[in-house]
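S.K.:
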Amino acid sequence: MKHGCLEEKQKQAESRDYPWILKNKRTDKLRDTLKEVEDLMQNSQCVLSKWKNKHICQLLFHSGILVSLSLSGPQLEKVVIDRTLVGKLISDTISDAILTDSFIILSFEDHNQLCFIQFTKKMDSPDVNKRLEKLSCLDFKISYIDILGREDRRMKRHLAINCMQDTVICWWSATSEGAWPWSPISCERDRANLLLLGCAHGKLEVLSYVRTEWDPLDASFSTNQPYQVYTVEHSISADKEPMADSCIYKCVRNKMQCVAVTRIPLRSKAISCCRDVTEDKLVLGCEDSSVILYEAYNQVTLIAQAELLPALITYHPSGAIFMVGSSQGELQLFDTALSPIKIQLLAQDYLPEATLQFSKHFDVPSSLMQIQWAAPQVAPASTASTNIHDLLLVRFDKGPLGVLHFKLGVFTKGQLGLVEIIHQYIRYDEIHEAINVLNTMNWNTMGRQCYICLSAIVNHLLKQKLTPDREAQLQASLGTFYAPTRPLLDTTVLEYRDPISRYARRFFHHLLRYQRFEKAFLLAVDIGARDLFMDIHYLALDNGELALAEVAKKKANDIDAESITTRIGKNEWCLKNLFCFNQYLSCRTPCYIRRRVIVSNAFAITAKQKRFMLWLYCKVQAVQTEWSARGK
Numbered sequence: 001m002k003h004g005c006l007e008e009k010q011k012q013a014e015s016r017d018y019p020w021i022l023k024n025k026r027t028d029k030l031r032d033t034l035k036e037v038e039d040l041m042q043n044s045q046c047v048l049s050k051w052k053n054k055h056i057c058q059l060l061f062h063s064g065i066l067v068s069l070s071l072s073g074p075q076l077e078k079v080v081i082d083r084t085l086v087g088k089l090i091s092d093t094i095s096d097a098i099l100t101d102s103f104i105i106l107s108f109e110d111h112n113q114l115c116f117i118q119f120t121k122k123m124d125s126p127d128v129n130k131r132l133e134k135l136s137c138l139d140f141k142i143s144y145i146d147i148l149g150r151e152d153r154r155m156k157r158h159l160a161i162n163c164m165q166d167t168v169i170c171w172w173s174a175t176s177e178g179a180w181p182w183s184p185i186s187c188e189r190d191r192a193n194l195l196l197l198g199c200a201h202g203k204l205e206v207l208s209y210v211r212t213e214w215d216p217l218d219a220s221f222s223t224n225q226p227y228q229v230y231t232v233e234h235s236i237s238a239d240k241e242p243m244a245d246s247c248i249y250k251c252v253r254n255k256m257q258c259v260a261v262t263r264i265p266l267r268s269k270a271i272s273c274c275r276d277v278t279e280d281k282l283v284l285g286c287e288d289s290s291v292i293l294y295e296a297y298n299q300v301t302l303i304a305q306a307e308l309l310p311a312l313i314t315y316h317p318s319g320a321i322f323m324v325g326s327s328q329g330e331l332q333l334f335d336t337a338l339s340p341i342k343i344q345l346l347a348q349d350y351l352p353e354a355t356l357q358f359s360k361h362f363d364v365p366s367s368l369m370q371i372q373w374a375a376p377q378v379a380p381a382s383t384a385s386t387n388i389h390d391l392l393l394v395r396f397d398k399g400p401l402g403v404l405h406f407k408l409g410v411f412t413k414g415q416l417g418l419v420e421i422i423h424q425y426i427r428y429d430e431i432h433e434a435i436n437v438l439n440t441m442n443w444n445t446m447g448r449q450c451y452i453c454l455s456a457i458v459n460h461l462l463k464q465k466l467t468p469d470r471e472a473q474l475q476a477s478l479g480t481f482y483a484p485t486r487p488l489l490d491t492t493v494l495e496y497r498d499p500i501s502r503y504a505r506r507f508f509h510h511l512l513r514y515q516r517f518e519k520a521f522l523l524a525v526d527i528g529a530r531d532l533f534m535d536i537h538y539l540a541l542d543n544g545e546l547a548l549a550e551v552a553k554k555k556a557n558d559i560d561a562e563s564i565t566t567r568i569g570k571n572e573w574c575l576k577n578l579f580c581f582n583q584y585l586s587c588r589t590p591c592y593i594r595r596r597v598i599v600s601n602a603f604a605i606t607a608k609q610k611r612f613m614l615w616l617y618c619k620v621q622a623v624q625t626e627w628s629a630r631g632k
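No gaps in the numbering here: position 520 of the sequence shown is 520 in UniProt numbering, and each next residue is one more.
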């Protein structure tokens, strides 16, 4: 089909700069902005990259340029480059920063000062994309505060803020100070490397300062206790062996003091660390590629060997897994029990590998600097949160900047929690790993999830043919409730005792089905039910095990006799109380005294015992009435 002079019209229009085909200017603008961000990353150092929420990622550069990236899932929708702070600061060597909706705090490498930028106008727009406003649209005031440290040293000063956003810590390495010049007076204030600051009422002030005993590797506020600081410090044992000190500092009356120190032995020096969402587990990456998992409650240390040098560690917000990264651009995944999980990029063929190597997919011109899950750094609402966290920020030193989107499937509903990990282990028949994860869960705080996982594991194992390994796995699964690593609360025991005892009975009959009489007998002793011993008795008779049948029958009779004795004892107690009541009722005392005595004696009586006593009392009264009639 020919269009006549259509081509000539197009050439004529384009020669006069008329648009013949309308272009998507938004795409060109986004492309140009991304090109500008790439140039920034190559020519300027990025000192901070953080998730403001699960839709917005912020980058702060050495010179004060702030870049905000708006995402819709893994897709980039909007980029805003803000140069408001350029030229307005005392230095362009920003070391670290804290970004909030109300203020910004900056530290510098070559100045013993902190910059406090207070916003007098807040962003009130509920729309996520409209909240990407530049700082120039907000009224702000810049002030500075002097801090401790040597003026002649360039050092990286780190910042951290608590979840209440009213207290800040500033810390730096003790070894970066070098040798101090001689001075006739050397006080603790001059040697301090951990500062506590308050940022309430629109101002920033130093509240307290301490010097850590060892060189700190990391320091941060607790997400559960807003005025508690966790530090991890390099230490050495008496035998000159490397160790890590996990320290807890409490902020009381604007004073910071160390209240607890836990020493963790290491194979080599720690180079990275991270805590889980409950702050009960601490993961350490060491120079020999070993990964150390320390559980504070049980004081247990687990060790695994990574396939890479663990320079970076980040825990998933659910606490089920954590990611380990190397500076060469490699990633490895572990669950919370320190079992490695294989991963791969999305493809038609199922070929998972121990590590994900970026160098196989694109050129890695610089080292990997940061990995971070897309989640704001606030205290979790609950362990059963329905928020989906499937995006992982990956930032290289000079670029590129990327986001990994974890495709978790429809069965998990996008979740990556403990329940989903255990179900995936069951799906691939990795029961040992599933039980290890279940062992790390706390029945007192997440009982529902624990019961779901236990029932899934036991149901899967009961469908399989019984082998010594399956038997041990069933025993270990039920042992997470009957022999837990931490004591169970009475409310937890009462809530899950009956449903889990039914799984124990199913395990008992599973053992009988495969004629595992010895283990079944021991399990029946633990359960203490007469019918289980009678099942052993009859099955043993059928198999010619007369001795076992006799012992089982005797045990069943003992339980029956014990239950009868217990019932008789209860009835005697009821009769004794009944006669006391009858005595009080027959005495000629005022009515209100009789009522008070009856109530005080019946205080500890159960409803069943009350019904029995009432029935027995009526019987006694009827007999007394009949005897009185006969006597007359």
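Here a beta-carbon is modelled for each residue, glycine too, at the ideal position from N, C-alpha and C.
1. Quick check on the DSSP output: what are the complete beta strand (DSSP E) runs of length 3 or more inside the stretch 64-113, in order along the chain?
2. Alpha carbons only, please: which of Pro-74, Leu-489, Val-168, Gln-328 is nearest the one belonging to Ala-219?
3. Taking only runs of the beta strand (DSSP E) that begin and end inside the stretch 154-240, which ones reach a length of at least 3 residues, in chain order?
4. Counting only the same chain and skipping the five closest in sequence on each side, list residues whose C-beta sits under 6 Å from that of residue 634.
5. With distances taken Cα to Cα, identify the nearest neighbour of Leu-282 among Gly-329, Thr-336, His-111, Lys-269.
6. Mind checking which residues open and close the alpha helix (DSSP H) that includes Arg-395?
7. Return helix, strand or coil for Leu-546, following the three-state DSSP convention.
8. Which of the three DSSP states is assigned to Gly-447 in this structure?
9. DSSP beta-bridge partners for His-405?
10. Per DSSP, what kind of secondary structure is Ser-272 in: helix, strand or coil?
11. When you compare each of Gln-475, Ala-13, Arg-486, Lys-121 to Val-458 by their alpha carbons, which one comes out closest?
12. What residues are listed by DSSP as bridge partners for Leu-333?
13. Are there 16 or more other CB atoms within 10 angstroms of the CB of Asp-275, so buried, or fewer, so exposed?
14. Whole angstroms are fine: how far does the CA of Val-252 sit from the CA of Pro-216?
15. Could you give the C-beta distance for Leu-30 and Val-79, rounded to a whole number, given that I count them as a contact under 8 Å?
16. How would you call Pro-184, buried or exposed, if buried means at least 16 neighbouring beta carbons within 10 angstroms?
17. Within this structure, are the beta carbons of Pro-265 and Thr-301 separated by less than 9 Å?
18. What is the DSSP secondary structure of Phe-482, counted as helix, strand or coil?
19. By the three-class DSSP mapping on this structure, what secondary structure does Gln-12 have?
20. Short of 8 Å in beta carbon distance, which residues of its chain neighbour Ile-105, apart from the five on each side in sequence? Order them along the chain.
21. Do Lys-555 and Val-525 count as a contact pair if the criterion is CB distance below 9 Å?
22. Cys-5 by DSSP, collapsed to three states: which one?
23. Just the C-alpha distance for Asp-32 and Ile-421, rounded to the nearest angstrom, thanks.
24. Please state whether the Cβ-Cβ distance between Ile-248 and Val-229 is less than 9 Å.
25. Between Asp-403 and His-55, what straight-line distance do the alpha-carbon atoms span, to the nearest angstrom?
26. State the start and end residues of the unbroken beta strand (DSSP E) segment that holds Phe-61.
27. Where does the unbroken beta strand (DSSP E) through Glu-295 begin, and where does it stop?
28. Can you tell me where the alpha helix (DSSP H) holding Gln-424 begins and where it ends?
29. So the candidates are Ser-70, Asp-490, Thr-212, Glu-307; which of them puts its Cα closest to the Cα of Glu-287?
30. Let's test the definition: count the other Cβ atoms within 10 Å of the Cβ of Tyr-294 and tell me whether it reaches 16, buried, or not, exposed.
31. Is it the case that the Cβ atoms of Ile-500 and Leu-454 are separated by a distance below 9 Å?
32. Where does Gln-473 fall in DSSP's three states?
33. Measuring only the C-alpha atoms, how far is Gln-58 from Leu-48?
34. Round the Cβ separation of Phe-119 and Ser-91 to the nearest angstrom and send it over; I've been treating them as touching at under 8 Å.
35. To the nearest angstrom, how far is the alpha carbon of Gly-528 from that of Tyr-315?
36. May I have the straight-line CA-CA distance separating Arg-407 from His-361, to the nearest angstrom?
M.R.: From the atom records:
1. 66-72, 75-82, 94-99, 103-108
2. Val-168
3. 158-161, 167-171, 194-198, 205-210, 215-221, 228-236
4. In this structure the chain extends from 1 to 632, so residue 634 is not present and cannot be described.
5. Thr-336
6. Looking at the DSSP string, Arg-395 is not in any alpha helix (DSSP H); the run it does join, the beta strand (DSSP E), is 391-396.
7. helix
8. helix
9. Leu-391
10. strand
11. Gln-475
12. Met-323, Ile-341
13. First, the residue type needs correcting, since residue 275 is Arg and not Asp in the sequence shown. By the 10 Å Cβ count, Arg-275 comes out buried.
14. 21 Å
15. 6 Å
16. At Pro-184 the pLDDT is 47, less than 50, meaning the model places this residue with poor confidence; the figure from the coordinates comes in the next sentence. Exposed, by the Cβ-count rule.
17. yes
18. At residue 482 the sequence reads Tyr, which differs from the Phe that was named. Reduced to three states, the DSSP call for Tyr-482 is helix.
19. helix
20. Ala-97, Ile-98, Leu-114, Cys-115, Phe-116, Ile-117, Leu-159, Ile-161, Val-168, Cys-199, Leu-204
21. yes
22. coil
23. 41 Å
24. yes
25. It is Val, not Asp, that sits at residue 403 in the sequence shown. Their backbone Cα atoms lie some 12 Å apart in a straight line.
26. 56-61
27. 290-295
28. 418-427
29. Glu-307
30. buried
31. yes
32. helix
33. 8 Å
34. That pair is no contact at about 21 Å.
35. 43 Å
36. A small fix is needed here, since residue 407 is Lys in this sequence, not Arg. So the two alpha carbons sit approximately 18 Å from each other.
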